[in-house]
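A quick write-up on the structure given underneath.
Protein chains: 2
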Amino acid sequence: MSKLERNLEAGNTHSGARSDSILDDLVGYALKRAHVHLNKSLASKLAEYDLRPSQFTAMLIIDENPGLMQADIGVQLLIEPPQVVTLVNRLEKLGLAMRVRCKPDKRSYGIFLSKQGEQTLRQLRLEVRALDAAGTARLSESERTELLRLLKKVYRD
Amino acid sequence: MSKLERNLEAGNTHSGARSDSILDDLVGYALKRAHVHLNKSLASKLAEYDLRPSQFTAMLIIDENPGLMQADIGVQLLIEPPQVVTLVNRLEKLGLAMRVRCKPDKRSYGIFLSKQGEQTLRQLRLEVRALDAAGTARLSESERTELLRLLKKVYRD
DNA sequence: TGATAATGTTACCAAGTATAACTATTTTGG
DNA sequence: CCAAAATAGTTATACTTGGTAACATTATCA
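So the sequences go chain by chain: A and B. Using the numbering used here, read the first sequence as starting at 1 and increasing by one per residue. Using the numbering used here, read the second sequence as starting at 1001 and increasing by one per residue.
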């Protein structure tokens, strides 16, 4: 007797409480859920600045590596060159960053934050830190530290 | 003197090693990186079955709640009704699941896995478990357990 | 020098996610 | 009971994100 038949007979439609699922044992699934949880508030906050999470991350990377090439951004963000183009276009249009022909290699640009970009980023750093803390408020400080350590261990090369 | 000027003068282009970044302290960022890491191999494996991760998760949910309604799938997957439609359409087209008019409420369907769906899922469970373990192989068993616990603590309501 | 590779760009395409508007049914309240 | 509101699913649409292919320009190298 198939599950379908059994359920049709029993009138069993939807059993409210979920039995112990394989999902509960998958780190990948827990990662996705946790990421969605934290990303929501982040995206909302950044939207106030017309920014997406990846654009904010790009600003951080640019700030920490001023004058880097677009290709370097792609490597650190794990995205392909065409996405870097639209990303930098966006930051330029917002007046937060700029391309500067300042290299011996005339094909490439040095990417820099503008004054406004640096100032916006200073603000954002504080707000994003606060949001990240809020999203993990259920963890103690030592749990949060341990979580960070374990996550890095998972993805570090 | 701005960062731009400083770097233009010093010829500082891209400082290879990254200084201690705020990114290293954000759980949200570590979550994203770790999720990308694990999701890659999962997506590759599922692609062999013409499935996306969300479709696999849906199959698990259906298997554990046979006869549930599409709306229930949406709630558990955190997606909107239109996405559930295309998802169930896909599973039906692959012969893995089916809609059955088996409810007092004639607007809704009970969603069930087909025989083939159940068999495919049995296989997939094993393979996905193995992939998840492989992706977290750098962790000891106790670390992995602790990571799961912490992640659930972050996203559980 | 000429072949090859690298940088950035454009054009294009597949997927995921969201909303609005619609059909068919059910529920509710007068 | 009947009209109005709500609900389940669907369609159409759009936007974002991610990717590949093809291209121009410039560097590198054999």
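Glycine included, every Cβ here is placed at the ideal spot set by N, Cα and C. In this text the structure is predicted, and so the values were computed from the model without any measurement.
Q: Output the distance between the C-alpha atoms of residue 1112 of chain B and residue 1093 of chain B, rounded to the nearest integer angstrom.
A: As a position in the second sequence, residue 1112 of chain B is number 112, starting the count at 1. As a position in the second sequence, residue 1093 of chain B is number 93, starting the count at 1. One Cα belongs to residue 1112 of chain B, the other to residue 1093 of chain B, and the distance between them is close to 14 Å.
Q | Span of the beta strand (DSSP E), counted from its first residue to its last, around residue 1059 of chain B | A | Indexing the second sequence from 1 puts residue 1059 of chain B at position 59. Per DSSP, residue 1059 of chain B belongs to no beta strand (DSSP E); it is in the alpha helix (DSSP H), 1053–1064.
(Q) Between residue 157 of chain A and residue 1027 of chain B, how many whole angstroms is the CB-CB distance? I'm expecting something under 8 Å. (A) On the first sequence, position 157 is the one that residue 157 of chain A refers to. On the second sequence, position 27 is the one that residue 1027 of chain B refers to. Not a contact, Cβ separation roughly 20 Å.
Q) Does any residue of chain A bring its CB to less than 8 Å from the CB of residue 1058 of chain B? A) Here residue 1058 of chain B is taken as the residue at index 58 of the second sequence, counted from 1. Output row for residue 1058 of chain B: interface = no.
Q) Does the beta-carbon of residue 1066 of chain B have 16 or more other beta-carbons within 10 angstroms, so that it is buried, or is it exposed? A) To locate residue 1066 of chain B, count along the second sequence from 1; it is residue 66. Residue 1066 of chain B comes out buried.
Q. Taking Cβ positions only, does residue 27 of chain A come closer than 8 Å to chain B?
A. Residue mapping note: residue 27 of chain A aligns to position 27 of the first sequence, counting from 1. Judged by the 8 Å Cβ criterion, residue 27 of chain A is in contact with chain B.
Q: Run down chain B in chain order and give the residues with a C-beta less than 7 Å from the C-beta of residue 44 of chain A.
A: Taking the first residue of the first sequence as 1, we reach residue 44 of chain A at position 44. By Cβ distance, chain B contributes nothing, its closest Cβ being about 13 Å from residue 44 of chain A, past 7 Å.
Q.
Quick check on the DSSP output: the alpha helix (DSSP H) that includes residue 1073 of chain B runs from which residue to which?
A. Locating residue 1073 of chain B in the second sequence gives position 73, counting from the first residue. For residue 1073 of chain B, the enclosing alpha helix (DSSP H) covers residues 1070–1077.
Q.
Please tell me whether residue 78 of chain A and residue 1036 of chain B are closer than 8 Å, where the distance is taken between their beta carbons.
A. Position 78 of the first sequence, counting from 1, holds the residue named residue 78 of chain A. Position 36 of the second sequence, counting from 1, holds the residue named residue 1036 of chain B. Yes, the pair counts as a contact, with Cβ atoms nearer than the cut-off.
Q.
Within a Cβ cutoff of 6 Å, which residues of the same chain sit near residue 1069 of chain B, ignoring the five residues on either side of it in sequence?
A. Counting from 1 along the second sequence, the entry for residue 1069 of chain B is found at position 69. Excluding sequence neighbours, residue 1069 of chain B sits near 1108.
Q: Measure from the alpha carbon of residue 91 of chain A to the alpha carbon of each residue in A:153, A:43, A:58 and A:48, then state which is nearest.
A: In the first sequence, residue 91 of chain A corresponds to position 91, counting from 1. Closest by alpha carbon: A:58.
Q) Within 8 Å (strictly less), CB to CB, does residue 136 of chain A reach chain B? A) By 1-based counting over the first sequence, the position of residue 136 of chain A is 136. Answer yes: the Cβ-Cβ gap between residue 136 of chain A and chain B drops below 8 Å somewhere.
Q: Determine the closest residue to residue 1121 of chain B out of B:1031, B:1083 and B:1061, with distance taken between C-alpha atoms.
A: As a working mapping, residue 1121 of chain B is identified with position 121 in the second sequence. Of the candidates B:1031, B:1083 and B:1061, the one whose C-alpha sits nearest the C-alpha of residue 1121 of chain B is B:1061.
Q: Could you tell me whether the Cβ atoms of residue 30 of chain A and residue 1148 of chain B are closer together than 8 Å?
A: As a first step, residue 30 of chain A is located in the first sequence; it is residue number 30 there, counting from the start. As a first step, residue 1148 of chain B is located in the second sequence; it is residue number 148 there, counting from the start. The answer is yes: Cβ separation under 8 Å.
(Q) Within a Cβ cutoff of 8 Å, which residues of the same chain sit near residue 134 of chain A, ignoring the five residues on either side of it in sequence? (A) Residue 134 of chain A sits at position 134 when you count from the first residue of the first sequence. Taken in chain order, the residues that qualify are 41.
Q. With 16 as the cutoff for other CB atoms within 10 Å, does residue 1063 of chain B come out buried or exposed?
A. Within the second sequence, the letter at position 63 stands for residue 1063 of chain B. Classification of residue 1063 of chain B: buried, given that the 10 Å Cβ count is 16 or more.
Q | Inter-residue Cα distance where the pair is residue 1098 of chain B and residue 1110 of chain B | A | Locating residue 1098 of chain B in the second sequence gives position 98, counting from the first residue. Locating residue 1110 of chain B in the second sequence gives position 110, counting from the first residue. Residue 1098 of chain B and residue 1110 of chain B have their alpha carbons spaced roughly 8 Å apart.
Q: Quick one: using the 10 Å Cβ neighbour count with 16 as the cut-off for buried, is residue 1126 of chain B buried or exposed?
A: Residue mapping note: residue 1126 of chain B aligns to position 126 of the second sequence, counting from 1. Its Cβ having fewer than 16 others within 10 Å, residue 1126 of chain B is exposed.
Q. Are the Cβ atoms of residue 1145 of chain B and residue 154 of chain A separated by less than 8 Å?
A. Sequence index remark: in the second sequence, residue 1145 of chain B carries index 145 (1-based). Sequence index remark: in the first sequence, residue 154 of chain A carries index 154 (1-based). A distance of 8 Å or more separates the beta carbons of residue 1145 of chain B and residue 154 of chain A.
Q. Which of the three DSSP states, helix, strand or coil, is assigned to residue 1137 of chain B?
A. Counting from one through the second sequence, the residue named residue 1137 of chain B turns up at place 137. Coil.
**Q.** Contacts that residue 1036 of chain B makes with chain A (C-beta to C-beta distance below 7 Å)
**A.** Mapped onto the second sequence, residue 1036 of chain B falls at position 36. Residues of chain A whose Cβ lies closer than 7 Å to the Cβ of residue 1036 of chain B are, in chain order, 78.
Q. Fully enclosed by the stretch 102–157 of chain A, which beta strand (DSSP E) runs are 3 residues long or longer?
A. For the stretch 102–157 of chain A, whole beta strand (DSSP E) runs of length 3 or above, ordered along the chain, are 110–113.
(Q) Considering only their Cβ atoms, is the gap separating residue 22 of chain A from residue 1052 of chain B smaller than 8 Å? (A) Numbered from 1 along the second sequence, position 52 holds the residue referred to as residue 1052 of chain B. Numbered from 1 along the first sequence, position 22 holds the residue referred to as residue 22 of chain A. For residue 1052 of chain B and residue 22 of chain A, no; Cβs fall outside 8 Å.
Q. Contact check, residue 150 of chain A vs residue 1143 of chain B under 8 Å by CB: the rounded distance?
A. Here residue 150 of chain A refers to the residue found at position 150 of the first sequence. Here residue 1143 of chain B refers to the residue found at position 143 of the second sequence. Yes, residue 150 of chain A and residue 1143 of chain B are in contact; Cβ-Cβ is about 6 Å, under 8 Å.
Q: Please list the partners that residue 1030 of chain B has in chain A, where partner means a Cβ-to-Cβ separation under 7 Å.
A: For the purposes of this step, residue 1030 of chain B is identified with residue 30 of the second sequence, where counting begins at 1. Chain A residues near residue 1030 of chain B: 148, 151 and 152.
Q) Within 10 angstroms of its Cβ, does residue 1075 of chain B collect 16 or more other Cβ (buried), or is it exposed? A) Counting from 1 along the second sequence, the entry for residue 1075 of chain B is found at position 75. With fewer than 16 Cβ atoms within 10 Å of its Cβ, residue 1075 of chain B is classed as exposed.
Q) In whole angstroms, what separates the C-alpha of residue 103 of chain A from that of residue 1039 of chain B? A) For the purposes of this step, residue 103 of chain A is identified with residue 103 of the first sequence, where counting begins at 1. For the purposes of this step, residue 1039 of chain B is identified with residue 39 of the second sequence, where counting begins at 1. Residue 103 of chain A and residue 1039 of chain B: Cα-Cα distance of roughly 37 Å.
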